[in-house]
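Take a look at the structure below.
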Amino acid sequence: MSEIPIQETHIPSVSANATPTGPDPDWEDLRQRVLVALDEDPVNTALLARHLDHRDTSLTDASERILATLTGMCPGAGESRRLLEEAMTARERWSIERGRPVPLRLALLDLLLAENRRRPDPWLAELRLSTAPSTGRVADPTHGVTSQSALTGALQSELRRAQRFGQECALVRLGLDDWTDLVWRVGAAAAERFLGAAAMAIKNEIRDVDWTARTPDNDMILFLADTGRFGALLVANRVADKLARLTLPGVPTGEETRASIGLAAFPSDARFGWELMAAARNAMFRARADGGKCISDQGAPPARCFQKVAPESVRIVVRALNSDAEGAPSPDHRDGILFASPVPYDVGNLVELECIEVAGQGRTVFTGRVVRLEERRDGEGYDVGVACHLIPEQTSLIHGRAARQSD
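Numbering (the numbering used here), first residue to last: 2 to 408.
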């Protein structure tokens, strides 16, 4: 029996729409069955799937090529077909009996060892050992999955650090709405490559002190250090915009990537790692239940009704006040105004806003707290939201209609 190293097995890709030719008309069907089996082996799936997309002309039978890819051994076409079929049947049976997925290569190696004990001329099997990705730390999401225990442990360490230094932090969880359809449409290997590209786009939107990881169910986790709820919302919006510009494989040009995003903040939403993880996950499911392609905050207060100031009609003079001033309004007001400013006022600050009509005599003064701060899309300043009490006359003025109503 000959031995073929995995890295020397080459099998060219076959288009899903192409008509099979040659001695292996059932190659695509067999390949899909093998890829489904490999989906239950998170450590080796990406590596093995890449080798299945290459073909060596010296191996004419599909089962022979797959067996060579999985084990590096080639016992012949007929023997390969029998061994592969028996291994896939055994893997399905073991998965049901043990209540957990069994990797295809493990079932195949177990079968080969059992066969070797009964053969009069045993095979000489050479096992190659290599370092597997660590399951005790956060892996690079562009190349591998992080186990749930490692995610919870890393998150708990970050929360202990945040509590020691009296800082906030936030967790964002992102799930592709069309992931199942994507895998069905283009296959696990192409979907895996797209997920790696999405992970790279997300990594480019966060700082060095933050980190991102992929969960076992192919969602993305973003941990944001020293970041509150509003900062996490800004990051989530940037990530959603970046993902929308990625091209999904197998879809018409121009169709945007849909993602449901949930976020949770420490310590307001949870005080332990597993609680924060569950809160972000519930928020993501809430966004998906609302139709997907949106952001949800499980612990967010009800939506505020902001009145946007017309900058061409109204000029605003901002004065910072002492936050402990007597009679200071609560930030829980559902009303407020939204205006553009070159200054990034801190969320929670108490301010006095003097609104003056540019082409009229109208003037009014608001006192409120900054509850929203977002960088403008054009990069020129910030959108600042101030929660305060509004009356109809003041609403008319900030829209620049006071002068017209008085005429």
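Note that the Cβ used here is the ideal one computed from N, Cα and C, for glycine as well.
What is the rounded straight-line gap between the Cα of residue 355 and the Cα of residue 363? As a first step, residue 355 is located in the sequence shown; it is residue number 354 there, counting from the start. As a first step, residue 363 is located in the sequence shown; it is residue number 362 there, counting from the start. Answer to the nearest angstrom: the Cα atoms are 11 Å apart.
Can you tell me which of the three DSSP states residue 180 falls into? Numbered from its first residue, the sequence shown carries residue 180 at position 179. Three-state result, residue 180: helix.
Identified DSSP bridge partners for residue 223: Position 222 of the sequence shown holds residue 223. Bridge partners of residue 223: 173, 213.
Three-state secondary structure (DSSP) at residue 342? Taking the sequence shown and counting its residues from 1, the one referred to as residue 342 is at position 341. Strand.
To the nearest angstrom, report how far apart residue 181 and residue 279 are at their CA atoms. Here residue 181 refers to the residue found at position 180 of the sequence shown. Here residue 279 refers to the residue found at position 278 of the sequence shown. Their Cα atoms are separated by approximately 22 Å.
Among 370, 369, 385, whose alpha-carbon lies nearest the alpha-carbon of residue 376? The count along the sequence shown starts at 1 and reaches residue 376 at position 375. Of the candidates 370, 369, 385, the one whose C-alpha sits nearest the C-alpha of residue 376 is 385.
When burial is assigned at 16 or more other CB atoms within 10 Å of the CB, is residue 358 buried or exposed? Locating residue 358 in the sequence shown gives position 357, counting from the first residue. Within a 10 Å sphere around the beta-carbon of residue 358 sit 16 or more other beta-carbons, which makes this residue buried.
Assigned secondary structure, residue 308 (DSSP; H/G/I helix, E/B strand, else coil): Working through the sequence shown from its first residue, we reach residue 308 at position 307. Strand.
Report the rounded CA-to-CA distance for residue 117 versus residue 111, giving the unit in angstroms. Start at 1 with the first residue of the sequence shown, and residue 117 comes out as number 116. Start at 1 with the first residue of the sequence shown, and residue 111 comes out as number 110. If you take the alpha carbons of residue 117 and residue 111, they lie about 10 Å apart.
Could you tell me which of 399, 282, 79 sits nearest to residue 340, measuring between CA atoms? Reading the sequence shown from its first residue, position 339 is the one you call residue 340. With distances taken between Cα atoms, residue 340 lies closest to 399.
Using 8 Å as the threshold, is the region 189–196 in touch with the region 260–280, meaning 3 or more CB pairs across them? No: fewer than three Cβ pairs fall under 8 Å.
Using the three-state DSSP reduction, which class does residue 377 fall into: helix, strand or coil? Walking along the sequence shown from the start, residue 377 turns up at place 376. Three-state result, residue 377: coil.
Based on the DSSP output, what are the partners of residue 353 in its beta bridges? As a first step, residue 353 is located in the sequence shown; it is residue number 352 there, counting from the start. Under DSSP, residue 353 takes part in a beta bridge, and its partners are 320, 368.
Give the secondary structure of residue 261 by DSSP, where H, G and I count as helix, E and B as strand, and everything else as coil. Translated into the one-based positions of the sequence shown, residue 261 becomes position 260. Strand, per DSSP.
Would you mind giving the Cβ-Cβ distance between residue 213 and residue 142, rounded to the nearest angstrom? I have them listed as a contact below 8 Å. Position 212 of the sequence shown, counted from the first residue, corresponds to residue 213. Position 141 of the sequence shown, counted from the first residue, corresponds to residue 142. Sure, about 6 Å apart at Cβ, within 8 Å.
For residue 242, the first and last residue of its enclosing alpha helix (DSSP H): Along the sequence shown, read from residue 1 onward, the residue named residue 242 stands at position 241. In the DSSP annotation of this structure, the continuous segment of the alpha helix (DSSP H) that includes residue 242 starts and ends at 230–245.
So, with DSSP's three-state summary, where would you put residue 148? As a first step, residue 148 is located in the sequence shown; it is residue number 147 there, counting from the start. DSSP places residue 148 outside both helix and strand once states are collapsed to three, so it counts as coil.
Buried or exposed: residue 164, going by 16 or more other Cβ atoms within 10 Å of its Cβ? For this step, residue 164 is matched to residue 163 along the sequence shown. So residue 164 ends up on the exposed side.
Count the CB pairs spanning the region 225–232 and the region 169–183 that are closer than 8 Å, and state whether there are at least three. The region 225–232 vs the region 169–183: in contact.
For residue 152 and residue 145, what's the separation of their Cα atoms in angstroms? By one-based count along the sequence shown, residue 152 stands at place 151. By one-based count along the sequence shown, residue 145 stands at place 144. Using only the alpha carbons, I get a separation of about 13 Å.
For residue 395, count neighbouring C-beta atoms within 10 Å of its own C-beta (all shown protein chains included) and say buried if the count is 16 or more, exposed if not. As a working note, residue 395 is residue 394 in the sequence shown. By the neighbour-count rule (16 or more Cβ atoms within 10 Å), residue 395 is buried.
Which residues in the same chain have their Cβ closer than 7 Å to the Cβ of residue 237, if we skip the five residues on either side of it in sequence? The residue labelled residue 237 in the question sits at position 236 within the sequence shown. Scanning its chain for C-beta atoms nearer than 7 Å, with the 5 sequence neighbours on each side dropped, one finds around residue 237 the residues 173, 262, 264, 296, in chain order.
What does the Cβ neighbour count give for residue 104, buried or exposed, with the cut at 16 atoms within 10 Å? Taking the sequence shown and counting its residues from 1, one reaches residue 104 at position 103. It counts as buried.
Secondary structure at residue 395, three-state DSSP: helix, strand or coil? The residue you call residue 395 lines up with position 394 of the sequence shown. Helix.
What does the alpha-carbon distance come out to for the pair residue 123 and residue 115? Taking the first residue of the sequence shown as position 1, residue 123 is located at position 122. Taking the first residue of the sequence shown as position 1, residue 115 is located at position 114. Separation of residue 123 and residue 115 (C-alpha to C-alpha, rounded to the nearest whole angstrom) is 11 Å.
Hey, out of 100, 277, 34, whose CA is closest to residue 1's CA? With the chain covering 2 to 408 only, the question about residue 1 has no answer from this structure.
Can you give me the start and stop residues for the alpha helix (DSSP H) that residue 197 sits inside? Position 196 of the sequence shown, counted from the first residue, corresponds to residue 197. Looking at the DSSP string, the run of the alpha helix (DSSP H) that includes residue 197 is 189–204.
Helix, strand or coil, according to DSSP, for residue 37 in the structure here? Sequence index remark: in the sequence shown, residue 37 carries index 36 (1-based). Collapsing the DSSP output to three states places residue 37 in a helix.
Is the Cβ-Cβ distance between residue 274 and residue 156 less than 8 Å? Here the question's residue 274 lines up with position 273 in the sequence shown. Here the question's residue 156 lines up with position 155 in the sequence shown. Yes, Cβ-Cβ distance for residue 274 and residue 156 is below 8 Å.
Around the C-beta of residue 65, are 16 or more other C-beta atoms found within 10 angstroms, so that it is buried, or is it exposed? The sequence position of residue 65 within the sequence shown is 64, counting from 1. So residue 65 counts as buried.
Thinking C-alpha only, which one of 84, 159, 166, 109 is nearest residue 210? Residue 210 sits at position 209 when you count from the first residue of the sequence shown. Looking only at 84, 159, 166, 109, the smallest Cα-Cα distance to residue 210 is reached by 159.
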